[in-house]
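Enquirer: The structure is given below, and queries will be raised subsequently.
Below, the structure is given as structure tokens:
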């Protein structure tokens, strides 16, 4: 038996961020020595995803994953009724999942000087103001109206034909986030989940005993147990390919570079630049998700550029690693245990006196 | 919240009204929180619901609690001249521990790999810590109960009973941390109250059952523990049901709500009956049965409330949205965790 160093919490090397928060050297905290490889990751830029599902197929092929229908039943065809998404969700047999969101546009007529009643996106309201201010409002209103056209220059999701203007398609390839503080890894009682030398999180199939604790511990709902097998499975970031110096299968297959693989810090810089480009082009709804190292999981090894709120894509808006609150829970449990003993002793003493 | 850029979810739009449950039931319960508006991906759950099986795991939680508090009673009974109470509590603790180990192995799905649990010791994993509480606890209680039945080695038996009693407290409460250290919203939010619910509920069940199986002359401590446990269970459960905004909702709606209402009725009547007729044989048995039923139903209710909160994305998205908004406005969140 060993005291597991799976979480940096108990190694004492980073007292500041034992259970959550940024960790500059994830592999080092997990016990790898100084010359480990750089931390790698995925940057999934959903603004250029075309929903081709090449990533899903490549992942299934490379990892020889069994077929699932949208309800998680093995070896069965099923239609989800969710647009073009018949995979449904990430799970034991789907380690990449392409979400399809059809959004119909609400009434959004170009009325530059006076905003439409009750819903002015520019926020300043329809008050006719001084010249400069009005020009400013005009420019902003135009920017928002021209949004679709601005997108069309680089975004294959939007086209200019008449009816399509009423619809926006969001497509996003979801994957295990390979968190800096991974809930699944923290709670695994057998040590089956480990941090690799690349900073990714993988399940060792021969150690997993199918307790299923990792499943509800994941704040993103990624890892899942296979029904007939009982053991847990999830994306390995193609650990077998990484050790041979290859890119993961999904990133290799992606035709639009929506899925980018590389060293995490390079990807982060690339993502920041891409976000700046989009914002300068007026795509105000663009945002990075999982990029912030101060978030609840210490930042993700796989992060995303989204064009809408995370929950629209089925992602939690503010995930927190479950073990962040563990010390408080253990303290409450210790108090509760002491209370049981106290009550029992008191009950015995009280019964004695009466005799 | 309308999605940025003037776009809205196409498939259904924001959900405006929570579905009202069927018209039955005379009392119109006031809604805890305002109806909320939120977006989701086709109403799909965001987190995965636990794969833990339903009769096995709530029963495991119940037996663990009852066994833990019985073990403490039996250790105290051994040294306060209450041989029958000590024996009854010891057999209950041993049986409960054996039962919960069995249920855990059944739930694992790959029983031959139970030993993997003892490969490592991980303080960040309540299941790993729990394995190191459950294993010695069940060995000691089963040993003590066996020695008691056979009447062998009374000193060794007393030693085992003391050891089991020392582990009894952690045994009753670690399961609360086990379920609370998940992303399941209704469990996680109540992480600092559930240990007290489980402690109280374990005492109500352990005290109640010991009282039912002991002669009334010796069962004084069991009666007192049962009543105190019931009171603590009710008080802590009240906090869980009301203190956490929207994620408290599953605790009083639908099936888990019904289970918890019945649980409360059983616990209250069991405690009252203990006080009124606990000194009569029939009264003690009836009260003990009611307290045990209340404790078991509490575990089932808490378990199912968590399942409901995991399956509806509302319980994941809305509190997280509120937390984000609170952070941006620079004041403490109104919804905890």
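Residue numbers (full-length UniProt numbering), protein chains in the order written: chain A, 1 to 355; chain B, 1 to 337. For glycine and all other residues, C-beta sits at the position ideal for the given N, C-alpha and C.
Checking 9 Å against the spacing of the C-beta atoms, do residue 268 of chain B and residue 234 of chain B come in under that value?
Expert: For residue 268 of chain B and residue 234 of chain B, yes; Cβs fall inside 9 Å.
Enquirer: Taking Cβ-Cβ distances shorter than 7 Å, what residues in chain B pair up with residue 351 of chain A?
Expert: At a beta-carbon threshold of 7 Å, the residues of chain B lying near residue 351 of chain A are 220, 221, 224, ordered along the chain.
Enquirer: Among the residues of its own chain, which have a CB less than 7 Å from the CB of residue 197 of chain A, if the five just before and after it don't count?
Expert: 27, 32, 36, 37
Enquirer: Quick check on residue 345 of chain A - is its C-beta less than 9 Å from some C-beta in chain B?
Expert: Closer than 9 Å: yes.
Enquirer: Can you give me the start and stop residues for the alpha helix (DSSP H) that residue 157 of chain B sits inside?
Expert: 154-180
Enquirer: I'd like the list of long-range same chain contacts for residue 70 of chain B, defined as Cβ closer than 6 Å, with 5 residues on each side in sequence excluded.
Expert: 89, 92, 93, 206, 210
Enquirer: With a threshold of 8 Å, are at least 3 pairs of Cβ atoms found where one atom belongs to the stretch 60-79 of chain B and the other to the stretch 242-258 of chain A?
Expert: no
Enquirer: Are residue 219 of chain B and residue 47 of chain B closer than 9 Å when you measure CB to CB?
Expert: no
Enquirer: Residues in its own chain within less than 7 Å of residue 104 of chain B by CB, not counting five upstream and five downstream?
Expert: 60
Enquirer: Give the single residue among A:40, A:207, A:249 whose Cα lies nearest to the Cα of residue 265 of chain A.
Expert: A:40
Enquirer: Around the C-beta of residue 100 of chain A, are 16 or more other C-beta atoms found within 10 angstroms, so that it is buried, or is it exposed?
Expert: buried
Enquirer: In the DSSP output, which residue or residues are listed as bridge partners for residue 97 of chain A?
Expert: A:174
Enquirer: To be precise: take each residue of the stretch 234-262 of chain B, compare its Cβ to all Cβ atoms of chain A, and keep it if any distance is under 7 Å. Which residues remain?
Expert: So the list is empty, because no residue satisfies the distance condition.
Enquirer: Which residue comes first and which comes last in the alpha helix (DSSP H) that contains residue 242 of chain B?
Expert: 220-242
Enquirer: Please classify residue 79 of chain B as buried or exposed, where buried requires at least 16 neighbouring CB atoms within 10 angstroms.
Expert: exposed
Enquirer: I'd like to know if residue 117 of chain B contacts chain A, where contact means its C-beta is closer than 9 Å to some C-beta of that chain.
Expert: yes
Enquirer: So with CB distances below 8 Å, who are the chain A contacts of residue 72 of chain B?
Expert: 340, 341, 344
Enquirer: By DSSP, does residue 52 of chain B sit in helix, in strand, or in coil?
Expert: coil
Enquirer: Give the secondary structure of residue 63 of chain A by DSSP, where H, G and I count as helix, E and B as strand, and everything else as coil.
Expert: helix
Enquirer: What is the DSSP secondary structure of residue 269 of chain B, reduced to helix, strand or coil?
Expert: helix
Enquirer: Please classify residue 109 of chain A as buried or exposed, where buried requires at least 16 neighbouring CB atoms within 10 angstroms.
Expert: Only weak support is given to the placement of residue 109 of chain A: the predicted model assigns it a pLDDT of 43, under 50, and the value that follows is read from those uncertain coordinates. Residue environment analysis places residue 109 of chain A among the exposed positions, since fewer than 16 neighbouring C-beta atoms fall within 10 angstroms of its C-beta.
Enquirer: Tell me whether residue 82 of chain B sits in a helix, a strand or coil according to DSSP, three-state version.
Expert: coil
Enquirer: Hey, is residue 178 of chain A close to the ligand COA, as in C-beta under 8 Å from one of its heavy atoms?
Expert: Although the ligand COA was asked about, the structure shown includes no ligands whatsoever.
Enquirer: Between residue 204 of chain B and residue 214 of chain B, how many whole angstroms is the CB-CB distance? I'm expecting something under 8 Å.
Expert: Not really, about 16 Å apart at Cβ, beyond 8 Å.
Enquirer: Give the straight-line distance between the Cα atoms of residue 141 of chain B and residue 148 of chain B, rounded to the nearest whole angstrom.
Expert: 10 Å
Enquirer: On the DSSP letters alone, give me the boundaries of the alpha helix (DSSP H) that residue 27 of chain A sits inside.
Expert: Residue 27 of chain A -> alpha helix (DSSP H) spans 26-29.
Enquirer: State the Cα-Cα distance for the pair residue 217 of chain B and residue 85 of chain B, rounded to the nearest angstrom.
Expert: Distance from the CA of residue 217 of chain B to the CA of residue 85 of chain B, rounded to the nearest whole angstrom, comes to 10 Å.
Enquirer: Is there a C-beta anywhere in chain B that falls below 9 Å from the one on residue 326 of chain A?
Expert: The beta-carbon of residue 326 of chain A is placed less than 9 Å from the nearest beta-carbon of chain B.
Enquirer: Whole angstroms is fine: what's the gap from residue 112 of chain B's alpha carbon to residue 190 of chain B's?
Expert: 34 Å
Enquirer: Just checking: is the beta-carbon of residue 148 of chain B within a distance shorter than 9 Å of some beta-carbon in chain A?
Expert: Output row for residue 148 of chain B: interface = no.
Enquirer: Apply the 10 Å Cβ neighbour rule to residue 273 of chain A and answer buried if 16 or more other Cβ atoms are within range, or exposed otherwise.
Expert: Exposed, since its Cβ has fewer than 16 Cβ neighbours within 10 Å.
Enquirer: In angstroms with no decimal places, state the Cα-to-Cα distance between residue 61 of chain A and residue 195 of chain A.
Expert: 24 Å
Enquirer: By alpha-carbon positions, which one of B:228, B:200, B:185 ends up nearest to residue 219 of chain A?
Expert: B:185
Enquirer: Please name the residue or residues paired with residue 179 of chain A in a DSSP beta bridge.
Expert: A:300
Enquirer: Under 6 Å Cβ to Cβ from residue 222 of chain A, same chain only, skipping five residues before and after it: list those, please.
Expert: Within the same chain, residue 222 of chain A has close Cβ partners 90, 176, 234.
Enquirer: Run the CB neighbour count on residue 280 of chain B, radius 10 Å, all protein chains shown included, and call it buried at 16 or more, exposed below.
Expert: exposed
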